[in-house]
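Asker: Pasting a structure here, questions to come.
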């Protein structure tokens, strides 16, 4: 089996071969193919969104995706939920000596597929190889540029009392899949990561109503972290309804067993939107018509209460705080 | 989810709360109930159950979190063990952040020490056979719920001829600490919610002394919100009728004689000894130690470590919190110096600790309440 060696990162013949056989083969587009040191791009807009993210997920391959798919989706989603049309990505790879080239090809291929699906071009890249043991197989960084839509003003300080909070589907799928894979825990029903590019969904939502106040993707720290940030920036109180939280049976089961709260578990294809109540139904209808929004649901509201806390009205009629997550997710002991 | 959603039913909860209101109102007096188990505490907070209880029903969180009651000296000794040559420490995740005098296991791991999180002591069997040149030390904490697994792991290790697996044991048993609590004068406990998980192993018999000697009723219950509300209904009913029975509301799991097999494992491997509880001191006959037949597994003996027990002098009021004498908001360190990021006491670290529950879920009582 052919593997990555240090010479693949040394800038010579092997590097060029890897670039042409793999990266150009899959990422090929008019801008990348110019092979300049920097991508040169004509633009026709005034306001851009620009973001970067690094991906170190372990395991590299998991049900529903792999590190490459994640690297494209993550950056595309950060642009999309900022009210931007994602246009261009860069991708940088840090590879461990000995990494199977076949695995790298699978990863690059799924990056190309996701890029194509979401309509972005990968216009620049970099590859470094480090000695065995210095990274865990493969790390990927992607940066992205998007064009911010005119008349759209999405900002996490924009939530207002009266807004309803909509999510596009079930919570905690990605994080629970990764945790179970990492610990070889098997659950009936098979967990699958929700990893997906959300930009076409966001387009549908903005088409239904372009005045949406806030959209955020609920990645690390789950919905709990994102809602706490929004409540903090917008200085509003949020009340969630436990009965309305969409959570898959298998995620519930795994969360129970590991002592985790799905509200705090990572998603890679889920967003929270803050929409004025009057427009909520039209946004919800548009979301449900999109394949990534079939299970969209209203999970709570921004209340009139002063303060900047997130509460949960529980299934038994109690009310508790949903605090900012802290520390790492550790399994419970008994 | 099957067998879980039923116990989180909104409609049934509502009925239980209404019924509880009726019983408690007609009784009239203040009722102090301790939930002994940390998992109960977590359910109560996670579902905001204190909010929906009658005004005269007062829930007090007890010492039933194994990480919380482990003395600081245990963590320091675990840190020492982790520094020994060719040692792999295996532990439940909850222990990772508990602060000792010289840092935590999490910090030690960050420095490169080999510390693995396991989900069951049985995982150590694989760890030991896959790493024959290493010595595996499992940090064996926990109550009657986890101790049988430690025993079974040791029994299996003998069967598979593993000689590189050791246990640093601090297992504790629950009934003696409850006896200590009912003897505390200023607690005035009227009843106990008894831990369903412990009783699943022990049965209800070890808790009968509460009823017989101290005239305090108890109800064994499970960990879903409906379990808690059902248990409170039964318990408040018993208290109001001065019926001091130990009742079992968790019959789907708990048999009167418990889990006979698990008790056999406990008896086979352990002796009952006096044990130190963090912030509460030495409690007679409240700990488990390997007996002579199993002493080859005792990490302290194997590594010839002289283990002196002490608590931290951190200014935190864990002891009073564990005994239910104060709640965490009355500790001067709570939320100020002691937070989940920078825990001073183990009650803030453990996922079942009272301070962690208050930190994560507690909201100030609403002013509109009557």
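Protein chains in written order, with the working numbering: chain U, 88 to 421; chain G, 164 to 533.
Glycine is no exception: its CB is placed at the ideal position from the N, C-alpha and C atoms.
Residue 172 of chain U and residue 236 of chain U look like a contact to me (Cβ under 8 Å); what is the Cβ gap, rounded to whole Å?
Answerer: 7 Å
Asker: Just mark residue 269 of chain U as buried or exposed, buried being the case when its beta carbon has 16 or more other beta carbons within 10 Å.
Answerer: exposed
Asker: Between residue 405 of chain U and chain G, is the shortest Cβ-Cβ distance under 9 Å, so that the two count as touching?
Answerer: yes
Asker: Pull up the distance between the alpha-carbon of residue 229 of chain G and that of residue 253 of chain U, whole angstroms please.
Answerer: 39 Å
Asker: Specify whether the region 486-502 of chain G and the region 349-360 of chain G touch according to this definition: at least 3 beta carbon pairs, one from each stretch, less than 8 Å apart.
Answerer: yes
Asker: Leaving out the 5 sequence neighbours to the left and right, which residues in its chain are closer than 7 Å to residue 313 of chain U when beta-carbon positions are compared?
Answerer: 303, 305 and 359
Asker: Relative to chain G, which residues along the region 162-178 of chain U have a C-beta separation below 7 Å, given in chain order?
Answerer: none
Asker: Could you please give me the residues that DSSP links to residue 135 of chain U through a beta bridge?
Answerer: U:234
Asker: Threshold first: 4 residues or longer. Then list the alpha helix (DSSP H) segments lying entirely within the region 331-386 of chain G, N to C.
Answerer: 337-346, 359-365 and 371-377
Asker: How is residue 171 of chain U classed by DSSP in three states: helix, strand or coil?
Answerer: strand
Asker: Grab me the residues of residue 304 of chain G's own chain with a C-beta within less than 6 Å of its C-beta, minus the 5 sequence neighbours each way, in chain order.
Answerer: 229, 233 and 333
Asker: Since residue 410 of chain U meets chain G, which of its residues come closer than 8 Å, beta carbon to beta carbon?
Answerer: 522, 523 and 524
Asker: Nearest chain U C-beta to residue 193 of chain G closer than 9 Å, yes or no?
Answerer: Cβ-Cβ to chain U under 9 Å: no for residue 193 of chain G.
Asker: Give the DSSP bridge partners of residue 155 of chain G, in chain order.
Answerer: In the structure as shown, chain G begins at 164 and stops at 533. Residue 155 of chain G is therefore absent and cannot be evaluated.
Asker: From the beta carbon of residue 399 of chain U, is the nearest beta carbon of chain G less than 9 Å away?
Answerer: Using beta-carbon distances, residue 399 of chain U counts as an interface residue toward chain G, with a partner under 9 Å.
Asker: List, in chain order, every chain G residue whose beta-carbon is nearer than 8 Å to that of residue 402 of chain U.
Answerer: 171, 172, 173, 176, 210 and 388
Asker: Are any of the Cβ atoms in chain U nearer than 9 Å to that of residue 199 of chain G?
Answerer: no
Asker: If we ignore side chains and look at the alpha-carbon of each, how far apart do residue 326 of chain G and residue 496 of chain G end up?
Answerer: 44 Å
Asker: Verify whether the separation of the beta carbon atoms of residue 365 of chain U and residue 320 of chain U is less than 9 Å.
Answerer: no
Asker: Quick test of your reading: residue 432 of chain G and residue 314 of chain G, contact by CB under 8 Å. State the CB separation rounded to the nearest angstrom.
Answerer: 4 Å
Asker: Would you kindly work out how many angstroms separate the C-alpha atoms of residue 479 of chain G and residue 508 of chain G, rounded to a whole number?
Answerer: Distance between the alpha carbons of residue 479 of chain G and residue 508 of chain G: 7 Å.
Asker: How is residue 389 of chain G classed by DSSP in three states: helix, strand or coil?
Answerer: helix
Asker: Please identify, using Cβ separations under 8 Å, the residues of the region 500-512 of chain G that lie next to chain U, in order along the chain.
Answerer: 502, 503 and 504
Asker: For residue 214 of chain U, does the three-state DSSP call read helix, strand or coil?
Answerer: strand
Asker: Express the C-alpha separation of residue 329 of chain G and residue 459 of chain G in angstroms, rounding to a whole number.
Answerer: Residue 459 of chain G and residue 329 of chain G: Cα-Cα distance of roughly 8 Å.
Asker: By the 10 Å Cβ neighbour count, where 16 or more other Cβ atoms means buried, how is residue 407 of chain U classified, buried or exposed?
Answerer: buried
Asker: Going by the beta-carbon positions, is the gap between residue 492 of chain G and residue 417 of chain G smaller than 9 Å?
Answerer: no
Asker: Need the endpoints of the beta strand (DSSP E) that residue 521 of chain G sits in, please.
Answerer: Element bounds for residue 521 of chain G: not the beta strand (DSSP E) but the alpha helix (DSSP H), 517-524.
Asker: Give a yes or no on whether 9 Å exceeds the smallest Cβ distance from residue 336 of chain G to chain U.
Answerer: no
Asker: Is the beta carbon of residue 118 of chain U sitting closer than 9 Å to the one on residue 208 of chain U?
Answerer: yes
Asker: Identify each residue in the region 256-273 of chain U for which the Cβ-Cβ distance to at least one residue of chain G is less than 7 Å, and report them in chain order.
Answerer: 270
Asker: Ignoring anything shorter than 3 residues, give me the beta strand (DSSP E) runs that lie fully in the region 284-318 of chain U, in order along the chain.
Answerer: 301-304
Asker: Terminal residues of the continuous beta strand (DSSP E) containing residue 342 of chain U?
Answerer: No beta strand (DSSP E) holds residue 342 of chain U; the alpha helix (DSSP H) holding it covers 336-345.
Asker: Could you check which residue in G:444, G:450 and G:525 has the C-alpha nearest to that of residue 535 of chain G?
Answerer: Any question about residue 535 of chain G goes unanswered here, given that chain G covers just 164 to 533.
Asker: Let me know if residue 243 of chain U comes out buried or exposed under the rule of 16 or more other beta-carbons within 10 Å of its beta-carbon.
Answerer: buried
Asker: From the DSSP output, which residues share a beta bridge with residue 327 of chain U?
Answerer: According to DSSP, which records beta bridges pairwise, residue 327 of chain U is partnered with U:387 and U:399.
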